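One structure is given below, encoded as structure tokens.
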Amino acid sequence: MNQNQQLFAAAQKHIPGGVNSPVRAFGSVGGTPRFFKKGEGAYVWDADDQRYIDYVGSWGPLILGHTHPKVLEAVIQAAKNGMSFGAPTAAEVELADLICEMLPSIEQVRLVSSGTEATMSAIRLARGFTGRDKLVKFEGCYHGHADSLLVKAGSGLLTFGNPSSAGVPASVAADTLVLPYNDVAALEALFIEMGDKIAAIIVEPIAGNMNMVQASPEFVQGMRQLTEKYGAVLIYDEVMTGFRVDLHCTQGLHGVKPDLTCLGKVVGGGMPLAAFGGRSDIMSKLAPLGPVYQAGTLSGNPVAVAAGLATLKLISEDGFFNQLSIQTEKLCNGLIQIAKETNTIFSAQSSGGMFGFYFSENIPQSFADVMNSDRSKFNAFFHGMLKQGVYLAPSAFEAGFVSAAHSDQDILFTLEAAKKVFMQIK
Ligand code: PLP
-10 MNQNQQLFAA AQKHIPGGVN SPVRAFGSVG GTPRFFKKGE GAYVWDADDQ RYIDYVGSWG
50 PLILGHTHPK VLEAVIQAAK NGMSFGAPTA AEVELADLIC EMLPSIEQVR LVSSGTEATM
110 SAIRLARGFT GRDKLVKFEG CYHGHADSLL VKAGSGLLTF GNPSSAGVPA SVAADTLVLP
170 YNDVAALEAL FIEMGDKIAA IIVEPIAGNM NMVQASPEFV QGMRQLTEKY GAVLIYDEVM
230 TGFRVDLHCT QGLHGVKPDL TCLGKVVGGG MPLAAFGGRS DIMSKLAPLG PVYQAGTLSG
290 NPVAVAAGLA TLKLISEDGF FNQLSIQTEK LCNGLIQIAK ETNTIFSAQS SGGMFGFYFS
350 ENIPQSFADV MNSDRSKFNA FFHGMLKQGV YLAPSAFEAG FVSAAHSDQD ILFTLEAAKK
410 VFMQIK
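Take the sequence shown: its letter number 247 is residue 236 in the working numbering, and every next letter is one higher.
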């Protein structure tokens, strides 16, 4: 057994499934998960000293690559001054100001420690603000693992949700209504039927948890207009897309002002930090100002805030997103070209530093489309690339990420590897 295999066997003794988050277990692609011991720039090294070009970037946060010297320095400095106070700090005020400056829809913001906390708190707040219980989410979108969000579509036209995890009470799931992504007609029908009971729509405005699927302009407009008309709260879950697809996030690209926004991943620069914020009339309902309770021992943790601040400052530099987008497009266009040359059914797209590729003719518009792509081809491609030293997300349902540390050489290496693997899996 190699080191990765030994570690995975040992991990299973005291950690359920050997992992602290399920997708890390390689359940969908099979094989042994890699145990990483070091990351630098675009690369990670596993327990057997194998180096990989990393397109996962800790599932999105590492937009500057691993161990960026300025982020590292900020973290070390902050840690030396104290790991946690459970009291306000000047740095969290600076981060809140910066987030509000970068996202005009956010007038007030609260810091939390994970994306799940951000979405869970935003939903409670929307319910407290509107005095309504129903929540609308879309099939294939993931918003963290709070009870009301682990819900899948039930049968029937207006889909009252069923729990997608054991342990979620049916009564909780019943308040979550699940609709197909990009289906404006279904959304309109739902609001006509029960618009006065709906507290909020929560949406990944570019979905990254069913591979990458973009919201159509009609869907974006429909969500904004219907929530305005019926007095529901529009929550953009930008945990993945926030500061990843653009400096002003998806809402900047869409030209839409959501009522609440959830942030995570990049905003914490690789440390446990997330946020939710939006209209001040809604945010002022939060304790201690208002009746909606929300709290956290480590919320606004100074070490995490330091990593977030350093990251946001670096990505704000002139031309950052332009360059990142060019690099990501080079990867996607290169893959499309190689697929053509090797007669592989394939499509790909990107936005900023986020990308999706699919073993299907057309770019998917919904979860059903993603389910129709060739997943066994993806699994073969994943393992082929891993062997070549390229680490992709170990599931056909995840988006990928390019960082500012990915050089032309890294992209070229990846494309050469992909060419070999496309030939092998034909
Ligand atoms: N929302 C979206 C869009 C996500 O992609 C994720 C995590 O991948 C979450 C929420 C949950 O964030 P966390 O894993 O930090 O709880």
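In this text, a Cβ means the ideal position worked out from N, Cα and C, and glycines have one as well.
These numbers were taken from a predicted model, which means no experiment stands behind them.
* Report all residues from its chain with a CB closer than 7 Å to the CB of Leu146; omit the five preceding and five following residues, and keep chain order. => Here residue 146 refers to the residue found at position 157 of the sequence shown. Unreliable placement is indicated for Leu146, whose pLDDT of 49 sits below 50; the coordinate value is still reported in the next sentence. Contacts found: none.
* Below 7 Å CB to CB, which residues in the same chain sit around Leu53 once its five sequence neighbours on both sides are set aside? => As a working mapping, residue 53 is identified with position 64 in the sequence shown. Excluding positions up to five away in sequence, the list reads Val60, Thr300, Leu303, Ser392, Ala393, Ala394.
* Since I believe Val410 is in contact with Phe370 (beta carbons under 8 Å), could you give me their beta-carbon distance rounded to a whole number of angstroms? => Taking the sequence shown and counting its residues from 1, the one referred to as residue 370 is at position 381. Taking the sequence shown and counting its residues from 1, the one referred to as residue 410 is at position 421. Phe370 to Val410, Cβ: 6 Å. Contact.
* To do: Answer with buried or exposed for Asn351, where buried requires no fewer than 16 other C-beta atoms within 10 angstroms of its C-beta.
  => Within the sequence shown, numbered from 1, the residue matching residue 351 stands at position 362. Asn351 is exposed by the Cβ-count criterion.
* Asked: Would the beta-carbon of Asp226 be found less than 7 Å away from any heavy atom of ligand 1?
  -> Working through the sequence shown from its first residue, we reach residue 226 at position 237. Yes, the Cβ of Asp226 comes within 7 Å of a heavy atom of ligand 1.
* Which of the three DSSP states, helix, strand or coil, is assigned to His132? -> By 1-based counting over the sequence shown, the position of residue 132 is 143. Three-state result, His132: coil.
* Asked: Can we count Gly289 as close to ligand 1, meaning its CB is less than 7 Å from some heavy atom?
  -> Position 300 of the sequence shown, counted from the first residue, corresponds to residue 289. No - ligand 1 has no heavy atom lying nearer than 7 Å to the Cβ of Gly289.
* Asked: For Pro152, which of helix, strand or coil comes out of DSSP?
  -> Translated into positions along the sequence shown, residue 152 becomes position 163. Under the three-state reduction of DSSP, Pro152 is assigned to strand.
* To do: Indicate, with yes or no, if ligand 1 has a heavy atom lying under 7 Å from the CB of Glu193.
  => Indexing the sequence shown from 1 puts residue 193 at position 204. It does: the Cβ of Glu193 is within 7 Å (strictly closer) of some heavy atom of ligand 1.
* How is Ala295 classed by DSSP in three states: helix, strand or coil? -> On the sequence shown, position 306 is the one that residue 295 refers to. Helix at Ala295.
* To do: Mark Gly129 as exposed unless 16 or more other C-beta atoms lie within 10 angstroms of its C-beta, in which case mark it buried.
  => In the sequence shown, the residue the question calls residue 129 occupies position 140. By the 16-neighbour rule on beta-carbons within 10 angstroms, Gly129 is buried.
* Could you spell out the range, first to last residue, of the beta strand (DSSP E) harbouring Met183? => Position 194 of the sequence shown, counting from 1, holds the residue named residue 183. In the DSSP assignment, Met183 falls outside any beta strand (DSSP E) and lies within the alpha helix (DSSP H) extending over 173 to 183.
* Kindly say whether Lys329, judged by its beta-carbon, lies nearer than 8 Å to any beta-carbon of chain C. => The question asks about chain C, but that chain is absent: this structure has only one protein chain.
* **Residue range of the unbroken alpha helix (DSSP H) whose run includes Val161** => As a working mapping, residue 161 is identified with position 172 in the sequence shown. Element bounds for Val161: 159 to 162.
* Asked: Would DSSP call Ala221 helix, strand or coil?
  -> Taking the sequence shown and counting its residues from 1, the one referred to as residue 221 is at position 232. Shown here, Ala221 sits in coil according to DSSP, grouped into three states, outside any helix or strand.
* To do: State the Cα-Cα distance for the pair Lys2 and Phe118, rounded to the nearest angstrom.
  => If you number the sequence shown from 1, residue 2 lands on position 13. If you number the sequence shown from 1, residue 118 lands on position 129. The straight-line gap from Cα to Cα measures roughly 46 Å.
* Asked: Taking the alpha carbon of Val98 as the point to measure from, which residue in Asn311, Ala264, Lys126 has its own alpha carbon closest?
  -> Counting from one through the sequence shown, the residue named residue 98 turns up at place 109. When Asn311, Ala264, Lys126 are compared, the shortest CA-CA separation from Val98 is found for Ala264.
* To do: Report all residues from its chain with a CB closer than 7 Å to the CB of Gly7; omit the five preceding and five following residues, and keep chain order.
  => The residue you call residue 7 lines up with position 18 of the sequence shown. If the five residues before and after Gly7 are omitted, its C-beta is found closer than 7 Å to the C-beta atoms of Phe(-3), Ala0, Gln1, Ala14, all from its own chain and listed in chain order.
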